Amino acid sequence: MNPLTNPTHSALASLGLRGADLLTLGSLTPEQLLGLLNATRTLKADWRSAGKPLADKHVAMIFEKPSLRTRVSFEVAVNRLGGSAVSLDTGGTRLGERESAFDQGKNLERMVDAIVARVYSQAELETLALAARIPVVNALSDWHHPCQGLADCFTLLERFGHVKGLSIAYIGDGNNVSHSLMEGAALLGAELRVITPPRCEPLPEIVTSTKALEAKGGGRVTLSHDPAQVAGCAAIYTDTWTSMGQRERVFQDADARRRAFEPYKVDAKLMARARADAIFMHCLPAHRGVEVTDEVMDSPASVVFTQAENRLHVQTTLLAALFS
Ligand code: CP
Ligand code: NVA
2 MNPLTNPTHS
12 ALASLGLRGA
22 DLLTLGSLTP
32 EQLLGLLNAT
42 RTLKADWRSA
52 GKPLADKHVA
62 MIFEKPSLRT
72 RVSFEVAVNR
82 LGGSAVSLDT
92 GGTRLGERES
102 AFDQGKNLER
112 MVDAIVARVY
122 SQAELETLAL
132 AARIPVVNAL
142 SDWHHPCQGL
152 ADCFTLLERF
162 GHVKGLSIAY
172 IGDGNNVSHS
182 LMEGAALLGA
192 ELRVITPPRC
202 EPLPEIVTST
212 KALEAKGGGR
222 VTLSHDPAQV
232 AGCAAIYTDT
242 WTSMGQRERV
252 FQDADARRRA
262 FEPYKVDAKL
272 MARARADAIF
282 MHCLPAHRGV
292 EVTDEVMDSP
302 ASVVFTQAEN
312 RLHVQTTLLA
322 ALFS
């Protein structure tokens, strides 16, 4: 298909995405985020309509941590769009350890057309992106998980027809996933109630930067320690109580962590406090019986596998937008 006459291409190109936009969800404008979600509807129904914008293009995939969904969905998305993915096995070496992140970026920009990176350090990722004058997509860092946030916003849009005005509860650890959800909710005009144990709140830096996004998108993010705050919400979202590389965060001892988080477990009783048609969300992998019961994971309210599938659709759209 001729890219110049392909309507999907024109819609994606008009979003004006730049490589630097993909390090956090908050670097998108509300219009770009909504445009990406709307384009995802089109490409979920017919991904072939994107054509092959990655033909003859190569994407380096850096994974410092394990992954199922992110790795597979990115590789499939790159292949669908006509490109090829090069996987870098870091063998446990962190970005910047064997060679500076800056030098890695300077090398990779001469060989590939984009980088997808799952890393320990957002700061190192930003150094890599600064050096490499090609798009760098954050596939999860200690601070953010923007592709997950995109899929989460798309899943809410699909289910409720809108995100603006929805009340959503995120309950658990104030981590990377909660940060990206905060940014998405603020930009899309939703109310997000972030409910965490004391000392496990989202980072103050993200709370502050989200305020600016609320002003742009009309959303509202509140923080509390009270699980009863899930009352009346359209969605209850949770994530692991211990993120990769964060075992020592706040608690030195695993038992103390479990005790502090126990009141925040998502079970049928907690779900019953939300709206009658409320959905249960989790980025996965889930620790069944820990942050969520089997009963909730396997209930009709659970959309966790749709969220996982939507990673493929939003990332296909994102990559197509970058190269349209
Ligand atoms: N949700 C998510 O990013 O899953 P993986 O860690 O398996 O990629
Ligand atoms: N918060 C989790 C998300 C995994 C997809 C982690 O960082 O391990």
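Be aware that the sequence shown starts at 2, since it is given in my numbering, and climbs by one per residue. Here a beta-carbon is modelled for each residue, glycine too, at the ideal position from N, C-alpha and C. Bear in mind the structure is a predicted one, so any value in this text is a computation, not a measurement.
- The segment 295-303 makes no contact with the segment 183-191: fewer than 3 CB pairs, one atom from each, lie closer than 8 Å.
- For the 7 Å CB-CB criterion, Gly83 and Leu55 form a contact.
- The Cβ atoms of Arg119 and Leu141 sit closer than 7 Å to each other.
- Contiguous beta strand (DSSP E) elements confined to the segment 100-128 occur at 115-119, taking only those with 3 or more residues.
- Looking only at Gln308, Thr318, Pro198 and Leu319, the smallest Cα-Cα distance to Cys154 is reached by Gln308.
- At a cut-off of 4 residues, the continuous stretches assigned as alpha helix (DSSP H) that sit fully inside the segment 139-225 are 147-161, 177-189 and 205-218.
- Bridge partners of Asp90 according to DSSP: Phe64.
- Burial check for Leu69: the Cβ neighbour count within 10 Å stays below 16, so the residue is exposed.
- When the five nearest sequence neighbours on each side are left out, the beta carbons in the same chain lying within less than 6 Å of the beta carbon of Ser325 are those of His10, Leu13, Ala14 and Pro54, in order along the chain.
- Burial state of Asp174 is buried, judged by a 10 Å Cβ sphere holding 16 or more other Cβ atoms.
- At least one heavy atom of the ligand NVA sits closer than 6 Å to the Cβ of Asn177.
- CA-to-CA, the gap between Asp295 and Leu26 works out to about 31 Å.
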